[in-house]
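Scroll down for the structure; my scribbles are underneath it.
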Amino acid sequence: MARSEVLPRSFFDRPVLDVAPELLGAVVVHGPVALRLTEVEAYDGANDPASHAYRGLTPRTTVMFGPAGHLYVYFTYGMHYCANLVCGPDGTAAAVLLRAGEVVEGLDVARTHRPGVTKDSVLARGPANLVRALGLGPHHNGIDVIGGDVQVRRAAADPGEIRTGPRVGVSTGATRPWRFWIAGDPTVSAYRPGTRKPRSTAR
DNA sequence: CCCATGATACTCT
DNA sequence: GAGTATCATGGGG
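If you're matching positions, the first sequence starts at 35 in the numbering used here and goes up one per residue.
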């Protein structure tokens with residue numbers, strides 16, 4: 035039987051809305067820690083007001099405009115790092131934000147990355163927590179995930195279990211249902227489920 | 001359980 | 001100078 039195959043660059047070098055849902059279930063590996071992705075979001079720089087790259091190339095977004103299969107790590111809210119997988123051809127700025135996952139290997143090491151956390155299901159819940167659980171940091175910005183320090187193994191979630199909804203924390207382009215997660219997964223469910231009751235009255 | 005708020009520093013205009 | 005692809009905590013139900 036096939037051992038888990040490392041995703042090739044061609045997997046990432048496609049439209050980001052195709053790649054994102056297929057990443058659910060895939061396993062990100064860094065050192066002893068392996069993480070099964072349970073929640074991701076797509077960002078499409080050219081067409082997406084919520085993307086960091088929407089306003090064009092800046093020093094920070096250089097990696098997003100580069101070739102597929104590299105890691106884009108950014109700093110936000112004064113204290114957190116988040117990680118994306120760059121998609122699409124060189125010159126475009128699409129990427130998939132890694133929002134949550136389940137630690138499936140190296141649990142002991144992942145716990146040391148998240149001191150004080152007692153429930154394993156929250157080790158990698160939320161994009162900044164995921165980065166910490168994996169032991170990633172700003173120095174991983176731009177690294178190649180094909181044959182490098184960080185890799186992604188192919189594995190697919192049950193298509194019937196995939197849900198979509200609006201992205202978290204974005205103010206512009208918020209209606210686009212470009213968040214994808216695995217239904218009922220404990221690493222996702224407590225974190226802003228897509229079924230918020232809308233306030234009926236206009237404001 | 002759910003919601004509201006403060007912390008904190010980098011990036012771009 | 002304003003905004004931010006967030007998290008942990010604390011209070012109320």
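Where a beta carbon is used, it is the ideal one built from N, C-alpha and C, also for glycine.
Excluding sequence positions up to five before and after VAL137, its CB lies within less than 7 angstroms of the CB of VAL67, LEU69, ALA144, ASP154, LEU157, ALA158, ALA167, all in the same chain and listed in chain order. Between GLY112 and ASP178, the gap from beta carbon to beta carbon reaches 8 angstroms or more. Under the DSSP assignment, THR198 falls in the beta strand (DSSP E) whose first and last residues are 196-199. The stretch 180-188 makes contact with the stretch 55-67, as at least three CB pairs between them are under 8 angstroms. Closest by C-alpha distance to GLY171, out of ALA76, ASP82, PHE109, GLU75, is PHE109. Distances from the alpha-carbon of PRO123 to those of ASP47, LEU131, TRP212 put ASP47 closest.
For ASP219, no alpha helix (DSSP H) encloses it, and the DSSP letter there is neither H nor E. Under the three-state reduction of DSSP, HIS86 is assigned to coil, being neither helix nor strand.
Taken atom to atom, the span from the alpha-carbon of GLY160 to that of ARG133 is near 5 angstroms. In the three-state reduction of the DSSP assignment, LEU91 falls in the coil class, being assigned neither a helical nor a strand state. DSSP places ALA190 in the coil class of the three-state scheme, outside both helix and strand.
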